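Input: a single structure, listed below in structure tokens.
Residue numbers (our numbering): 11 to 185.
What follows is the structure in structure tokens.
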């Protein structure tokens with residue numbers, strides 16, 4: 011659950027790597043032959059690039075994307091959490107507790123008026139009430155606010171892959 015916050019070594023990706031990443035994010039089940047053709051490589055160099063991207067931690071896994079509605083998970087809830095305790099012990103307990111709740115899809119530590127934001131997916135309001143009762147028993151919480159999504163307008167798992175002329179987040183412009 012806990013995301014590594016140490017500065018990651020940014021790996022330079024060339025135009026071919028960017029094309030590979032773009033295609034694989036759209037469809038990780040594509041055959042090597044079809045991918046190689048799309049990125050204008052033969053299969054062996056294409057495969058070696060994929061292996062290098064995996065070894066360097068750029069590609070972190072391959073998954074099947076599931077429609078939550080088709081498996082009975084029709085309610086998405088954004089849960090804002092405020093805490094009075096910001097100690098390491100509290101955070102460790104919170105991280106352990108949240109990791110044990112399968113309904114929690116994402117957890118972010120926030121700047122601003124809330125401390126944490128969760129994206130929770132459940133079947134319905136009754137299932138959310140059950141989840142909420144388990145959540146508030148985990149560790150002491152100051153305030154929990156739930157916002158219910160009425161409609162998902164956009165959802166993507168594909169990150170935009172910046173090109174060489176596009177600055178990366180946190181990159182300084184050269185003078």
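A virtual CB, placed ideally from N, CA and C, is assigned to each residue, including glycine. The structure presented is a predicted model; accordingly, all values stated were derived computationally and were not measured.
Asked                                                                                                                                                 : Found
Using alpha carbons as the reference points, say which of 77, 40, 74, 79 lies closest to residue 60.                                                  : 40
Please go through the segment 51-134 and give each complete beta strand (DSSP E) segment of 3 or more residues, from N-terminal end onward.           : 85-92, 114-119, 126-132
Would you list the one or two residues that DSSP bridges to residue 148?                                                                              : None; residue 148 has no bridge partner.
I'd like to check one pair, residue 87 with residue 166: are the Cβ atoms closer than 8 Å?                                                            : no
With DSSP as the reference, label residue 20 as helix, strand or coil.                                                                                : coil
Tell me whether residue 134 is buried or exposed, calling it buried when 16 or more other Cβ atoms sit within 10 Å of its Cβ.                         : exposed
Less than 8 Å separating the beta-carbons of residue 131 and residue 83?                                                                              : yes
Between 90, 119, 49, 58, which has its C-alpha nearest residue 96's C-alpha?                                                                          : 119
Excluding five sequence neighbours on each side, which residues of the same chain lie with their C-beta closer than 7 Å to the C-beta of residue 100? : 93, 149
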